[in-house]
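If you count the sequence shown from 1, position 17 lands on 17 in full-length UniProt numbering, and the numbers rise without skipping. All C-beta atoms, glycine included, are put in the ideal place defined by N, C-alpha and C.
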Amino acid sequence: MHGGKVENHFGKTTLSTPDQDSNLDLPVIGKAMGRRKSKRKPPAKRKAIEPLDLQFNCPFCNHEKSCEVKM
């Protein structure tokens, strides 16, 4: 609007200014509300992984450390 008369819905005539809509004096909301906190679960804790033995007792003749496994 560029100034002039405006009739509202109640039949009353009011004067309009060119920047009437930009002077509303509304509070700025943006950063004042704060940040939302994430509700994601924290990552699962890793279990301690121990290396496997490469030599075992022989299952057939019971000799100690006679079978070797390569991975």
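- As the crow flies, the alpha-carbon of I49 is around 29 angstroms from that of F60.
- In the displayed model, E68 falls within a strand according to three-state DSSP.
- Taking the Cα of L54 as reference, the smallest distance to any Cα among E68, S38, R36 and K37 is reached at E68.
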